[in-house]
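In this note's numbering, each number is its position in the first sequence, counted from 1, plus 71.
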Amino acid sequence: MAARTILHIDMDAFFASIEQRRNPALRSRPVAVIGRGHRTVITTASYHARRYGVRTGMNIYEARRLCPQVVFVKANNRIYTDTSRRILAILEGFSPKIEPFSIDEAFIDVTGSTSLFGTPRTIALSIKKRIREETGLGSSVGIGPNKLMAKLASSMQKPDGLVLIEEGEVRSVLERLPVERLCGIGRKLAGRLNAMGIRTCGQLADCPAGILKSSFGMTGERLKLMAQGIDTSPVASVEEQERTRSVGHSITLPRNTSDTKTLKAYLLRLSEKVCSRARKHGLAGTRLILTVRYSDFHTFTRSRPLPCPTNDTRAVYLHALRIMDSIELKKAVRLIGIAMDVLARHLCQESLFEEDRRRTDLLRAMDTVNESFGEFTLTWGTILESRGETGVISPSWRPTGARNIDET
DNA sequence: TCTGGGGTCCTAGGACCC
DNA sequence: TCTGGGGTCCTAGGACCC
Ligand SMILES: [Mg+2]
72 MAARTILHID
82 MDAFFASIEQ
92 RRNPALRSRP
102 VAVIGRGHRT
112 VITTASYHAR
122 RYGVRTGMNI
132 YEARRLCPQV
142 VFVKANNRIY
152 TDTSRRILAI
162 LEGFSPKIEP
172 FSIDEAFIDV
182 TGSTSLFGTP
192 RTIALSIKKR
202 IREETGLGSS
212 VGIGPNKLMA
222 KLASSMQKPD
232 GLVLIEEGEV
242 RSVLERLPVE
252 RLCGIGRKLA
262 GRLNAMGIRT
272 CGQLADCPAG
282 ILKSSFGMTG
292 ERLKLMAQGI
302 DTSPVASVEE
312 QERTRSVGHS
322 ITLPRNTSDT
332 KTLKAYLLRL
342 SEKVCSRARK
352 HGLAGTRLIL
362 TVRYSDFHTF
372 TRSRPLPCPT
382 NDTRAVYLHA
392 LRIMDSIELK
402 KAVRLIGIAM
412 DVLARHLCQE
422 SLFEEDRRRT
432 DLLRAMDTVN
442 ESFGEFTLTW
452 GTILESRGET
462 GVISPSWRPT
472 GARNIDET
C-alpha cells in the first residue's frame with residue numbers, strides 16, 4: 072500500500088467542555104456530565120474533575136465521594152450531536168475521506184490534501200484552529216501512517232495536543248509502549264499478555280507468531296501486526312461503511328422489578344424505538360435478541376429469528392413477548408433490552424417482507440408526527456405505563472445513518 | 001446509594017449434513 | 001473391534017470501542 076497520512080481528531084472532554092462553553096460559571100469548577108435518574112453514570116468529566124479521579128462510567132455517588140465540589144450537569148444530547156455535525160463539516164473542507172469514529176472522534180485521510188493545504192502538521196493546526204473558532208472547543212490531533220498510529224498519537228498528548236508519528240518513528244514509539252495503549256487491546260487481552268510476560272508492544276512484536284496463534288487464534292495474528300504498527304484498514308466514509316448489522320435499545324429500570332406486566336410495557340416501548348429507527352433507515356429485522364440483566368448484574372440474552380423480515384412494532388413486540396415468556400426469571404430485573412439483526416429493506420425478498428399496506432401507512436403517519444413533535448407523541452396504550460430512563464448518550468452515535476441516541 | 005447505552009466482531013459447542 | 005472428518009448454521013457469551 073502506498074504511504075498514507077491519517078489524522079485522528081479527538082475532542083477534549085467533549086460534553087463537559089460544551090457545557091462549560093454554554094455556562095461560564097462552570098468554567099472554573101469540576102464538571103461531570105450525567106444522564107437521567109439515580110442510576111446514571113458519568114459520561115464525561117472535565118479535566119478538573121479528572122484530577123480527583125472522576126471517570127467515565129463511574130456512578131454519581133462515587134464521583135461525589137471523590138470530588139465533593141463536582142458539578143453534575145444533565146446531558147443535552149441534541150447540542151452534542153449538532154456540535155459533532157459542525158465539526159465534521161469543518162473536516163470536510165480538508166478531505167472527503169472522513170470516518171466518524173464516535174460522537175467526538177474522527178479519522179481523516181489527508182494523503183491527497185497536502186498540495187492544497189500544506190504539510191500534515193499544518194493541516195492539523197488548521198483543523199484545530201477552525202474547530203476552536205467555530206465551536207470554542209479544544210481538540211487533540213494525532214498524525215500517523217495509518218489509523219492505529221494516528222489514534223495512538225492523539226492519545227499521547229491531551230488536552231490541546233498535536234502529535235506526529237512518522238513512518239520511521241513507529242518502531243521506536245512502540246518499543247516500550249504498554250500493549251494496552253493500543254486501540255483494540257483492552258483489560259482482558261492485556262492481562263493475558265502480561266501473564267505471558269508480554270508488557271510492551273516491542274515484546275509483543277517479538278513474540279513468535281505460533282505462540283500468539285495458539286493462545287489467541289485469529290486475534291493473535293492481528294495482535295502481532297498491531298504491535299508492529301501495521302494497520303491497512305482504510306478510512307471509510309459513512310457511505311463506504313459496511314451496512315448496519317443491528318439496531319437495539321435497552322434500559323436500566325428506575326428500580327428492579329420482577330413484575331412481568333411492567334417488563335412487557337417496557338418491551339413495547341423498546342420495540343417502538345427499535346422499529347421506528349429501522350423504518351426510518353429502511354432496515355428490516357431478521358432476528359430479535361432479548362437482553363436481561365438481573366439485580367446482581369448477571370446478564371444474559373435469548374434470541375429467536377423473526378419468521379420474516381419486519382420492522383413493524385407490533386410484530387416485533389409480540390415476538391419479544393414470546394421470547395420473554397420462554398424465560399423463567401430467577402431474580403429481580405435491573406435492565407431489559409432488545410436488539411434486532413437487520414438487513415437493508417430492499418434486500419429482503421418482497422414476498423418475505425411482511426407488509427400490510429394500511430398498516431405501513433399508519434406506521435409512516437405516526438413516524439412523521441413523532442419526528443415533528445417528539446418521540447412517543449403518538450404511541451400505543453401500554454407504552455404509557457413505562458416511564459423513566461437514564462437518558463445517557465451513546466458515543467457510538469453517528470451523524471448520519473442508523474446509529475442513534477436519544478436527542479431529547 | 002454502587003455500577004448507562006449503543007454498537008462490532010470473534011469464539012465455541014452442538015446440531016445437522018455429506 | 002473400533003468407531004471419519006469436514007463443513008455450515010445456530011445460539012450464547014464475551015471482548016472491545018466510544
Ligand atoms: Mg474525546
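Yeah, the Cβ is synthetic: ideal placement off N, Cα and C, and Gly gets one too.
query: Identified DSSP bridge partners for R373; result: L361
query: Euclidean distance between Cα positions of I179 and E246; result: 26 Å
query: Spatial distance of H79 from V112 (CA atoms); result: 27 Å
query: Among R201, D383, D81, the one whose alpha carbon lies nearest that of P230; result: D81
query: Helix, strand or coil at H390 [DSSP, three-state]; result: helix
query: Inter-residue CB distance, A403 and S366 (contact presumed, cutoff 8 Å); result: 4 Å
query: Beta-carbon proximity list for F371, same chain, < 7 Å, skipping 5 on both sides; result: V363
query: Assigned exposure category for H109 - 16 Cβ within 10 Å defines buried; result: exposed
query: Test item: CB-CB of M297 and L406 under 8 Å; result: no
query: Rounded straight-line distance, which links the Cα of A87 to that of P95; result: 12 Å
query: Burial state of A84, where buried means 16 or more other Cβ atoms lie within 10 Å; result: buried
query: Beta-bridge partners of T323, as assigned by DSSP; result: L406
query: Own chain partners of T76 with C-beta closer than 6 Å, once the 5 adjacent residues on each side are dropped; result: V181, T182, P191
query: Terminal residues of the alpha helix (DSSP H) in which D277 lies; result: 272-277
query: Residues near L400 in its chain [Cβ-Cβ closer than 7 Å; skip 5 each side]; result: S329
query: For R100 and V142, believed in contact at Cβ under 8 Å, the rounded distance; result: 5 Å
query: Per-residue burial, A410 [other beta carbons within 10 Å of its own, 16 or more giving buried]; result: buried
query: Limits of the unbroken alpha helix (DSSP H) element including A261; result: 258-266
query: Distance CB(L414)-CB(P376) smaller than 8 Å; result: no
query: Element boundaries [alpha helix (DSSP H), containing F188]; result: 185-188
query: Given A73 as reference, the closest of L223, G207, V212, E238 once Cα atoms are compared; result: E238
query: Alpha-carbon to alpha-carbon, E313 and L339; result: 29 Å
query: Beta-carbon proximity check, L264 vs L248, cutoff 8 Å; result: no
query: Nearest to I198 (by Cα), restricted to the options S286, R348, I161; result: I161
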